[in-house]
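This report refers to the structure that appears directly beneath it.
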Amino acid sequence: MPGTSLFPVVCTAEVPTSVIDKLLSEAHAASERLVPGSEPCLAVITTTAAAADGALLLPSSPSQPPLEPFASAFLGQPVEAVAQRLSSTDASFFAVLDERSAADETALVVVASRGTGGGVQDVRVTFDEVQRLLTALDVGSLGIEEVRSIAESNGGVYGPARESAQKGQPAPRKRLGA
1 MPGTSLFPVV CTAEVPTSVI DKLLSEAHAA SERLVPGSEP CLAVITTTAA
51 AADGALLLPS SPSQPPLEPF ASAFLGQPVE AVAQRLSSTD ASFFAVLDER
101 SAADETALVV VASRGTGGGV QDVRVTFDEV QRLLTALDVG SLGIEEVRSI
151 AESNGGVYGP ARESAQKGQP APRKRLGA
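See below:
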């Protein structure tokens with residue numbers, strides 16, 4: 001896959017593999033609709049294998065559903081701690097599945113600035129926008145501040161608005177904790 005970046009995906013909460021599979025499928029399908037022939041580029045970190053120098057090793061290829069169950073080494077960690085652990089990989093952009101992900105089918109897209117004064121910024125994104133947004137941030141066609149502004153005007157989530165209930169149709173999924 002020359003020319004395609006891999007973006008790490010980590011779980012900071014217990015997330016069923018069926019939800020992770022849904023993220024992978026929906027994110028790639030949405031990219032395919034925008035750019036036919038898009039390669040998958042999300043790599044779920046299922047182990048904390050390290051190189052000889054102690055640096056965290058990322059998967060060498062994108063994750064493909066169905067995933068085997070795994071125990072995440074990032075459980076309970078804040079986004080800043082995840083960014084610190086990923087700093088040895090040069091991953092400036094990554095996604096986090098957290099306690100909300102299974103309930104509302106969203107993930108956090110994180111931008112970790114490297115170097116002096118580096119900080120961490122995140123925005124909540126629908127599953128189908130994860131791959132497209134990470135790619136757009138990576139190539140510089142969007143900035144995180146612009147994305148956060150759009151998300152704030154859309155109820156705090158970047159991506160298509162949720163459908164409301166219509167007569168004769170199933171009710172929308174209930175959002176827990178919202």
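Counting in the UniProt record's numbering, the sequence shown runs from 1 upward without gaps. The beta-carbon is built from N, C-alpha and C at its ideal position, and this holds for glycine as well.
Taking CB distances under 8 Å as the criterion, tell me whether Y158 reaches chain C. Here there is only one protein chain, and chain C is not present.
Touch check for the region 132 to 151 and the region 100 to 107: three-plus C-beta pairs under 8 Å? no
Assign G156 to buried or exposed, taking buried as 16 or more other Cβ atoms, counted over all protein chains shown, within 10 Å of its Cβ. exposed
Measure the Cβ-Cβ separation of D138 and S38 and say whether it is below 8 Å. no
Could you give the first and the last residue of the continuous beta strand (DSSP E) run that contains T48? Segment: none, T48 is in no beta strand (DSSP E) and carries neither H nor E.
So, are the CB atoms of L56 and T48 less than 8 Å apart? yes
Within the continuous beta strand (DSSP E) that includes A107, where are the two ends? T106 to A112
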